[in-house]
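Here's the structure we're looking at; comments come further down.
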Amino acid sequence: MKAEMRAMKNLDLSNLPPRRKIEEAESPPSQSHPRLHLKIVDPEIKEAESLPSESESDLLPGPSESYKLYFFFWHVFSPVRYSLYEVDVPLPFPPPPSKAVQDDKIRNPTPLSPILQLKTGKYADDMCCVQLGSMLYFLGGEMKIKNPYIDEDVKKELAVRDVFPKDVYCFELANDHNYRELKAGTAMNSGKASPLAFVADEKIYVIGSSRWDSDENFAYFEMFDPKVDNWIILPNPPIRNVNTIWVGHVVVGRKALITALLPHETERLYCFDLDTHKWANTSIPDYLGNFSGDTQFVEYRLYGCYYDTVAALVPLEEEEEEK
13 MKAEMRAMKN
23 LDLSNLPPRR
33 KIEEAESPPS
43 QSHPRLHLKI
53 VDPEIKEAES
63 LPSESESDLL
73 PGPSESYKLY
83 FFFWHVFSPV
93 RYSLYEVDVP
103 LPFPPPPSKA
113 VQDDKIRNPT
123 PLSPILQLKT
133 GKYADDMCCV
143 QLGSMLYFLG
153 GEMKIKNPYI
163 DEDVKKELAV
173 RDVFPKDVYC
183 FELANDHNYR
193 ELKAGTAMNS
203 GKASPLAFVA
213 DEKIYVIGSS
223 RWDSDENFAY
233 FEMFDPKVDN
243 WIILPNPPIR
253 NVNTIWVGHV
263 VVGRKALITA
273 LLPHETERLY
283 CFDLDTHKWA
293 NTSIPDYLGN
303 FSGDTQFVEY
313 RLYGCYYDTV
323 AALVPLEEEE
333 EEK
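If you read the sequence shown in the numbering used here, its first letter stands for residue 13, the second for the next number, and so on.
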C-alpha cells in the first residue's frame, strides 16, 4: 500500500564525499492505509512534477494560494477498480479545530464523491498514475478478464486484448468538472507489468517489472515527450532476466534512482542518467534492506521504509557504468 506526495528540485551530488553507509532507525508503529497514489497540483495547474527551484522557499506557496489534492485508489474486491478523488487544500492551513469539532466530524463525516471511476475488467489491474502539467496519465498493468467482480455490462463488451496492454489514458484536470472525461492517449511501444512512472524534464518515464522468461527485446523502459506526442524506447535496465518489481524511486539532479525488489525479498538500487540515457552501477551493498516502500531524498540522504523500519543510505559513491 502506497501513498506518494512530493516536490522535487534539482540537487547536485558531484561534491558529496565518497562514503557509503546503511543507517536504520525504528519508526513509530505502522498503520494500515488504503492502496493509493496522491498528487498535489496548484490551482492553475501549470507546474510539472519536477520543479526547478533555487531554494527551499521557492517551494512554499504564497499566503493566498491553495492546492488540490488528488487520491487515486485501487479497489481490490469491487466492480469498480479505480476511483479518483479531489480535495481542496487551503494554504496557509487554518488553525486546528477544537476537540469537540473534530469529534463531531469523525461521527458525521462529510461524504466525498469521486471525480472519476474506472470499472473492473474494462481497464488493466495495477495501472500506475502520474501527473505531468495539468494532465493525469494512467498506464500499464495487467488485463484479467476472468475477475468475478466484473459487472455484467462490462462482460458484454469484453474483447481479447494483450495481457499487458499498451494503452495510455489521459485525464485533463484544468477542464471544468462538467467537461472532464477520460481520453485515450498515445499508446506505449509495449505494455508494462506492475509499472512505476515518474516525471523529469517535463517528460514521463515509465518502467515495467520483469520476468525471468521475458523476451530480451521487450521494451521495459520508455519515455514520453508530450511536445512531440511520442514514446521513445530507452535502454532496458541491467536486470539479467531476474524477476523484478520496481517499488520506489527518486530524481536527484540528473540521476533517477530506482529501487527494485528481487527474489527472496531483497532490494537493489539502480541509477539511470537522464542526460546520457545510460544505466550505472551505484556501488552500494548487494543487500539494500528496508527500501521496499516509498523512496525520498532529503539532505543528501536516500530514505526508504519497510513495515516499521526506516533506512537511510548516505551518501552514494560516484557511479560506474554498468557493463
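Quick reminder that beta carbons are idealized off the backbone N, C-alpha and C, glycines included. None of these values were measured; they are calculated from a predicted model.
In terms of Cα proximity to Tyr149, the closest of Leu273, Val240, Met200 is Met200. Your pair Glu234 and Ile251 does not check out as a contact, with CB atoms roughly 16 Å apart and the cut at 8 Å.
In this structure, the straight-line span from the alpha carbon of Gly203 to that of Arg266 is close to 26 Å.
Sequence-distant Cβ neighbours of Asp100 in its own chain, meaning closer than 7 Å and more than five residues away, are Ser78, Lys80.
With distances taken between CA atoms, Gly220 lies nearest to Glu154 out of Ala323, Glu154, Glu169, Asp174. For Ala112, the enclosing alpha helix (DSSP H) begins and ends at 111-119.
With at least 16 other beta carbons inside 10 angstroms of its own, Tyr232 counts as buried. Counting C-beta atoms within 10 angstroms of its own C-beta, Ala186 has fewer than 16 neighbours from the protein chains shown and is therefore classed as exposed. Note on the stretch 157-241: whole alpha helix (DSSP H) runs with a minimum of 4 residues are 164-167, in chain order. Only residues of its own chain outside the window of five on either side were considered, and among them Met155, Gly203 have a CB closer than 8 Å to the CB of Asp174, listed in chain order. Here DSSP, grouped into helix, strand and coil, assigns Pro275 to helix.
The C-beta of Glu279 has 16 or more other C-beta atoms within 10 Å across all chains shown, which makes the residue buried.
The three-state secondary structure of Met147, taken from DSSP, is strand.
Residue pairing for Thr132: DSSP places it in a beta bridge opposite Tyr135. Taking 9 Å as the cut-off, the Cβ atoms of Ala209 and Pro177 do not count as close. Exposure of Pro106 is indicated by the presence of fewer than 16 other C-beta atoms within 10 angstroms of its C-beta. Judged by their CB atoms, Pro91 and Tyr191 are not nearer to each other than the 9 Å cut-off. The beta carbons of Leu144 and Tyr94 sit no closer together than 9 Å. Val264 and Tyr97 have their C-alpha atoms some 29 Å from each other. Within the model, the alpha-carbon separation for Met147 versus Cys182 is close to 7 Å. Per DSSP, reduced to three states, the secondary structure at Val254 is coil, with no helix or strand assignment.
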